[in-house]
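Novice:
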């Protein structure tokens, strides 16, 4: 297992950071969050065709770049820093992982090249974004391959070219493909507190769907771990950028005749945040290093998700508090991070859910020993 | 030297020189003479200039053959490594060998009743009189001072310059009439520390380290060595399960007993997170979802601290010399972990947490943990001072306006 980042990985980070710095500045984030689609098609195209980012973690044999969770993590971390607006999490991470893990050979050959280049923007419809054992409880496919049920929260559903759906069926949990324009598909926009990530609801009513793969419990857990660790990277990236800007603000804001960063109350809070960030980064990187080489238990992913969630929220709360009134205004950017932090905190399981899973696994390995 | 060459050389040396019937001191003199006592030290200073990796090989051979190495436990390590960096050749020659052989034990004389966190505010006075220094004042929190032969001492030699510039660093003989040592009982009942009263105590003229007025720079070296120790966790050296036979081992056992005595409760001040899972299971507290949450938070913290330390080490191994933020949070992390562990132990114990002594949980270890944890966020630099350091040096936040500039004589300080 890797112990730290390689030279190549650090260079890759620089490339991604530069790209996002040029293509996704805060002015663009602010514009895009006001739009319905929520992303810039040109930037998405360039990110796919010039850099191949959506296929970073997808198998080379099918047209991906063949890297793994570490490189994907670097992208997410950088996207988290810049609050990149676009369907990367929904299409590249969630749909991409689902197709590469669960789809049959023919579907992989057909879909992965398109997902990798970004030409196909897809999303994964899950009836639970909370815990894997709830997946498939409200979405069901009958013997005639008709899908009925609803998913209350779908990321980027309104702009997706294709929907992949995990649903229960007489053959067990499966992965299904359906076009958003198909008969009996009703997609509606939902208001999200985080305007940089667009949410929708989808209702299926006897919608004809194509089964493209089987989802076994172990595979679903693997999927969940990979997605959680990717999301954890987004959170530590966001937390780091926000801590940096918060610290910078305390250096220039003057009250009582001195920069507020010279007050110990603020210093101590920032030092606490740095510790929380360094610990969350350690947990997240370690989880990615582990997932890159083994198919093991979810313990590290649980730990990463719990710690990164708490860290990002803590940093977001402090980011607003340390800016005082300014931090509560729409004009200041801090609330954009705060809202992303709140949504990421709950997406794929709240911290307490992951902590409970950690203890369950400690009990399991204790019983086995 | 290649790693396998080192292994062969050490084994050869041990085959020729080691015997369990030697006296401890005689054996260690041989180690010192051959450069195996402290192989990471420079070649011209009793060592071999080995890297961490090379030294680890030596240590491994010693361990696997159950060979006694140089004396290491206690403040003598702080003294040795500081002398190594700042000491004169004469000081190195006079003091380092007897530290390695264990003939002399040391203590640290830094903190004072009037200057704790503000260590540079030390008011113990050293005045030059002929070719020697005369020292007057009081020190506190001096581990092992009651049996120490020598001390590393910070004292003020100039009252008319700013406080950091008026300090000097000395090596003082503890066995003299002007030095009185009294044990200091702590809230957990142990007396690991002492108070040291210096009344016209004498320091040789050539026992000044790093020059007059250079004391703060030298003390900073000692303090950073001390902090590294905290982040790593300073457990007493484990006594071996099957003690080997022979005079050497008997003498080593005696030495360890004395040296380790102040530290018996140190694992407890770290919160004993290692005991949490077993206790939660044994008491049934593990069924309580609130306990499970707090346990998991503890595991997150302690695992992340370990991972973070590994990353810092891996980063250095790749030849990167920049200081990572992660390297600065170790001691603060240890405090947070200890507090969380104590809280979880309390939840597991319930009302039994009131009990102490042999009839209480784990023969009193848990009670000792609960009343020892407050020490970890104070000793070696309080959490608050650590946070100031992190904020100012790592995050680059502005320093507070100082009230203690100008001649030390004019700065307000504690009376008495």
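Chains as they are written, first to last, in the numbering used here: chain X, 1 to 369; chain V, 1 to 416.
Here a beta-carbon is modelled for each residue, glycine too, at the ideal position from N, C-alpha and C.
What residues from chain V crowd round residue 69 of chain X, counting only those whose CB sits closer than 7 Å?
Specialist: Neighbours of residue 69 of chain X on chain V: none; closest Cβ ~16 Å, over 7 Å.
Novice: Let me know if residue 143 of chain X comes out buried or exposed under the rule of 16 or more other beta-carbons within 10 Å of its beta-carbon.
Specialist: exposed
Novice: Measuring CB to CB, does residue 293 of chain X end up less than 7 Å from residue 1 of chain X?
Specialist: yes
Novice: Distance, Cα to Cα, residue 13 of chain X vs residue 78 of chain X?
Specialist: 8 Å
Novice: My output table needs one value for residue 234 of chain V: the three-state DSSP class, helix, strand or coil.
Specialist: Bear in mind that a pLDDT of 43 at residue 234 of chain V, under 50, signals an unreliable position, so the model cannot answer this.
Novice: Is it true that the CB of residue 270 of chain V sits closer than 7 Å to the CB of residue 421 of chain V?
Specialist: With chain V running from 1 to 416 in the structure shown, residue 421 of chain V is simply not present.
Novice: Does the region 206-213 of chain V come close enough to the region 178-187 of chain V to have 3 or more Cβ pairs within less than 8 Å?
Specialist: no
Novice: From residue 159 of chain V to residue 408 of chain V, what does the alpha carbon distance come to, in whole angstroms?
Specialist: Within the model, the alpha-carbon separation for residue 159 of chain V versus residue 408 of chain V is close to 5 Å.
Novice: So that I know if they touch, is there some Cβ in chain X lying closer than 7 Å to that of residue 315 of chain V?
Specialist: yes
Novice: Quick one: using the 10 Å Cβ neighbour count with 16 as the cut-off for buried, is residue 63 of chain V buried or exposed?
Specialist: exposed
Novice: When DSSP labels each residue in this structure, what does residue 104 of chain V get in the three-state scheme?
Specialist: coil
Novice: Measure from the alpha carbon of residue 25 of chain V to the alpha carbon of each residue in V/275, V/312 and V/247, then state which is nearest.
Specialist: V/247
Novice: Given residue 234 of chain V, which residues of its chain have a CB within under 8 Å of its CB, disregarding the five upstream and five downstream residues?
Specialist: Note that residue 234 of chain V scores a pLDDT of 43, beneath 50, so its modelled location is shaky; the value from the coordinates is reported in the next line. For residue 234 of chain V, where only same-chain residues beyond five positions count, the Cβ hits under 8 Å are 263 and 266.
Novice: At a Cβ threshold of 7 Å, is residue 458 of chain X touching chain V?
Specialist: The first residue shown for chain X is 1 and the last is 369, placing residue 458 of chain X beyond what the model contains.
Novice: For chain V, is any of its Cβ atoms less than 7 Å away from the one on residue 4 of chain X?
Specialist: yes
Novice: Can you list, in chain order, the residues of its chain with a C-beta nearer than 7 Å to that of residue 76 of chain V? Leave out the 5 residues immediately preceding and following it.
Specialist: 99, 105 and 106
Novice: Check the Cβ of residue 269 of chain V against every Cβ in chain X and list those closer than 7 Å, keeping chain order.
Specialist: Per Cβ cutoff of 7 Å: no residues; residue 269 of chain V is ~19 Å from chain X at best.
Novice: Could you tell me the boundaries of the alpha helix (DSSP H) in which residue 127 of chain X lies?
Specialist: Here residue 127 of chain X belongs to no alpha helix (DSSP H), and DSSP marks it neither H nor E.
Novice: Evaluate residue 320 of chain V with the Cβ neighbour count: other Cβ atoms within 10 Å of its Cβ, from every protein chain shown; 16 or more gives buried, anything less gives exposed.
Specialist: exposed
Novice: Between which two residues does the alpha helix (DSSP H) carrying residue 431 of chain V extend?
Specialist: Since the first and last residues shown for chain V are 1 and 416, residue 431 of chain V lies out of range.
Novice: Closer than 7 Å, Cβ to any Cβ of chain V: which residues of the region 241-262 of chain X, in chain order?
Specialist: 247, 250, 251, 258, 259, 261 and 262
Novice: Excluding the five sequence neighbours on either side, which residues of its own chain have a C-beta within less than 8 Å of the C-beta of residue 274 of chain X, listed in chain order?
Specialist: 243
Novice: Is there a Cβ from chain V that is less than 7 Å from the Cβ of residue 274 of chain X?
Specialist: yes
Novice: Quick check on DSSP: helix, strand or coil for residue 372 of chain V?
Specialist: In the three-state reduction of the DSSP assignment, residue 372 of chain V falls in the coil class.
Novice: Under 7 Å Cβ-Cβ, which residues of chain X neighbour residue 304 of chain V?
Specialist: 279, 282, 283 and 307
Novice: In three-state terms, what does DSSP make of residue 347 of chain X?
Specialist: coil
Novice: Hey, how far is the Cα of residue 349 of chain V from the Cα of residue 66 of chain V?
Specialist: 39 Å
Novice: Starting from residue 164 of chain X and walking both ways along the beta strand (DSSP E), at which residues does that stretch end?
Specialist: Judged by DSSP secondary structure, residue 164 of chain X falls within the beta strand (DSSP E) whose first and last residues are 162-167.
Novice: Suppose the cutoff is 7 Å on Cβ atoms and the five residues either side in sequence are ignored; what does the same chain contact list for residue 170 of chain X look like?
Specialist: Correct list, in chain order: 143.
Novice: With DSSP as the reference, label residue 208 of chain X as helix, strand or coil.
Specialist: strand
Novice: Using a Cβ cut-off of 9 Å, pull out every chain V residue sitting near residue 236 of chain X, in sequence order please.
Specialist: Neighbours of residue 236 of chain X on chain V: none; closest Cβ ~12 Å, over 9 Å.
Novice: Taking the alpha-carbon positions, what's the residue 52 of chain X to residue 19 of chain X distance?
Specialist: C-alpha of residue 52 of chain X to C-alpha of residue 19 of chain X: approximately 12 Å in a straight line.
Novice: Tell me, please, whether the region 288-304 of chain X touches the region 50-70 of chain X by the rule of three or more beta-carbon pairs shorter than 8 Å.
Specialist: yes
Novice: Run the CB neighbour count on residue 239 of chain V, radius 10 Å, all protein chains shown included, and call it buried at 16 or more, exposed below.
Specialist: Because the pLDDT at residue 239 of chain V is just 48, under 50, the model does not fix this residue reliably, and the point stays unresolved.
Novice: Considering only C-alpha positions, which residue in the set X/215, X/251 and X/245 is nearest to residue 174 of chain X?
Specialist: X/215
Novice: Since residue 359 of chain X meets chain V, which of its residues come closer than 7 Å, beta carbon to beta carbon?
Specialist: 292, 295 and 296
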